[in-house]
Amino acid sequence: MRLRQFIQFALFLPATLLFVLFFSAFGYSDTATRSWEIDGVKREAMVVAPNAAPEAGSPLVFVFHGHGGTMGHALRTYPIHEYWSQAVVVYMQGLKTPGKLTDPEGKRSGWQSGPTDQNDRDLKFFDAVLAAIKKQHKIDEKRIYATGHSNGGGFTYLLCQTRGDTFAAIAPSGAAALKGEIDAAKSLPVLHVAGENDPLVKFEWQKLMIARVKKLNQCSDEGKAWHSTGRLTGTEFASTKGAPLVTLLHNGGHEFPSEAPALIVSFFKEHRKP
Numbered sequence: 047m048r049l050r051q052f053i054q055f056a057l058f059l060p061a062t063l064l065f066v067l068f069f070s071a072f073g074y075s076d077t078a079t080r081s082w083e084i085d086g087v088k089r090e091a092m093v094v095a096p097n098a099a100p101e102a103g104s105p106l107v108f109v110f111h112g113h114g115g116t117m118g119h120a121l122r123t124y125p126i127h128e129y130w131s132q133a134v135v136v137y138m139q140g141l142k143t144p145g146k147l148t149d150p151e152g153k154r155s156g157w158q159s160g161p162t163d164q165n166d167r168d169l170k171f172f173d174a175v176l177a178a179i180k181k182q183h184k185i186d187e188k189r190i191y192a193t194g195h196s197n198g199g200g201f202t203y204l205l206c207q208t209r210g211d212t213f214a215a216i217a218p219s220g221a222a223a224l225k226g227e228i229d230a231a232k233s234l235p236v237l238h239v240a241g242e243n244d245p246l247v248k249f250e251w252q253k254l255m256i257a258r259v260k261k262l263n264q265c266s267d268e269g270k271a272w273h274s275t276g277r278l279t280g281t282e283f284a285s286t287k288g289a290p291l292v293t294l295l296h297n298g299g300h301e302f303p304s305e306a307p308a309l310i311v312s313f314f315k316e317h318r319k320p
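What follows is the structure, given as structure tokens:
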């Protein structure tokens, strides 16, 4: 079915049915919202999966929204699945969480900011979803990845520290981990997206974070040009540990650039566990 024909047909369909038919028409079958009970609390995620897994299994990508976001917004704003049709992509939903920089009363959804925070509810959530996805789908365990923006990017760094053996690479955006959090982490290939005029997670903080990743991964001081597009400029820093760092910088603020998902997928495709 061509895209124009699909749009004409879709004008007459309810929104829920439209969502399912869209992904089915363009190569995806499993698009339903799934739920898990973690410590008596219902947790949810949206899973987008290919109709058929590659022989070696599908890559698996976890996506974490920013503070105040939703899994649905993440699916629309960070559409990893649109650039990697072979991958199973899981858009996770956070719970109400006090923010470090905004929302101190915790009225909006987010993720734990450090080990043991919120009784590790989000790490437990991740563990449960990972186990369930492995049972339901054929997954290539050498190609599991995580990405997230802002608070979701901070949680991605937390996963690097606490679940580093799971991942082949990570791609945080607009984020900085807590002091000491990345220093104890496993060396992994990292792509870090940052706005040079970020008014929330200051660029100075993110530069310090980048420096800590360089030190952890034993990266070179001098970088070389990496894929760039639009307003995004990529620079790769080689690593003696086989864990390069790529910085993907733009001159904007705290927003997640629309060009980033395609480059994140390109980065992930370059890296798999030995």
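Numbers in my numbering are just positions in the sequence shown, counted from 1, shifted up by 46.
Cβ coordinates follow ideal geometry from the N, Cα and C atoms, glycine included.
query, result
"Helix, strand or coil for L278? Go by DSSP, reduced to three states.", "strand"
"List the residues that DSSP assigns as beta-bridge partners of E191.", "A small correction: the amino acid at residue 191 is Tyr; Glu does not occupy that position in the sequence shown. DSSP output for Y191 lists V107 and A215 as bridge partner(s)."
"For W272, which beta-bridge partners are listed by DSSP?", "G280"
"CA-CA distance, P307 and F314?", "10 Å"
"Use the C-beta contact count for L121: other C-beta atoms within 10 angstroms, 16 or more gives buried, fewer gives exposed.", "buried"
"Work out the CA separation of K181 and M255 for me, nearest whole Å.", "35 Å"
"Ends of the beta strand (DSSP E) at I256?", "Premise fails: I256 lies in the alpha helix (DSSP H), F249 to N263, not in any beta strand (DSSP E)."
"Just the Cα atoms here: how many angstroms apart are T79 and G298?", "33 Å"
"Considering only residues of the segment 119-183, which uninterrupted alpha helix (DSSP H) runs meet the minimum length of 4 residues and lie entirely inside it, listed in chain order?", "167-182"
"Who are S81's beta bridge partners in DSSP?", "E90"
"Could you name the residues of the same chain whose beta carbon sits closer than 7 Å to that of T286, not counting the 5 residues immediately before and after it, in chain order?", "Q264"
"Please classify P303: is it buried, with 16 or more other beta-carbons within 10 angstroms of its beta-carbon, or exposed?", "buried"
"Using a Cβ distance threshold of 8 Å, determine whether the segment 80-88 contacts the segment 171-179, with at least three qualifying pairs required.", "yes"
"Flag this pair as touching only if the segment 232-247 and the segment 288-295 have three or more C-beta atom pairs under 8 Å; answer yes or no.", "yes"
"Over what stretch of residues does the beta strand (DSSP E) that includes T293 continue unbroken?", "L291 to H296"
"Looking at C-alpha atoms only, which residue of L147, D168 and P150 is the closest neighbour of W157?", "D168"
"When the Cα atoms are used, what is the spatial distance from P218 to V109?", "10 Å"
"Kindly indicate which residue of V94, L106 and M92 has the alpha-carbon position closest to the one of K319.", "L106"
"Tell me the rounded alpha-carbon separation between A133 and P96.", "7 Å"
"Does the Cβ-Cβ distance between C206 and A231 come in under 7 Å?", "yes"
"Using the DSSP secondary-structure output, state which residues sit across from H113 in a beta bridge.", "Paired residue(s): none; H113 is not in a bridge."
"Measuring CA to CA, which of E268, E282 and F201 is closest to S274?", "E282"
"Alpha carbon to alpha carbon, how far is E250 from I179? Give it in angstroms, no decimals.", "37 Å"
"What is the residue span of the beta strand (DSSP E) that A240 lies within?", "V236 to G241"
"Across which residues does DSSP place S285 in a beta bridge pair?", "C265"
"Buried or exposed for R48, going by 16 or more other Cβ atoms inside 10 Å?", "For R48, the predicted model reports a pLDDT of 42, less than 50, meaning its position is unreliable and no value from the coordinates is stated."
"Between which two residues does the alpha helix (DSSP H) containing L246 stretch?", "Taken as a continuous stretch (DSSP letters only), L246 belongs to no alpha helix (DSSP H), as it is neither H nor E."
"Quick test of the definition: if touching needs 3 or more C-beta pairs under 8 Å, does the segment 181-190 touch the segment 137-145?", "no"
"On the CB-based measure, 16 or more other CB atoms within 10 Å of its CB, does K260 come out buried or exposed?", "buried"
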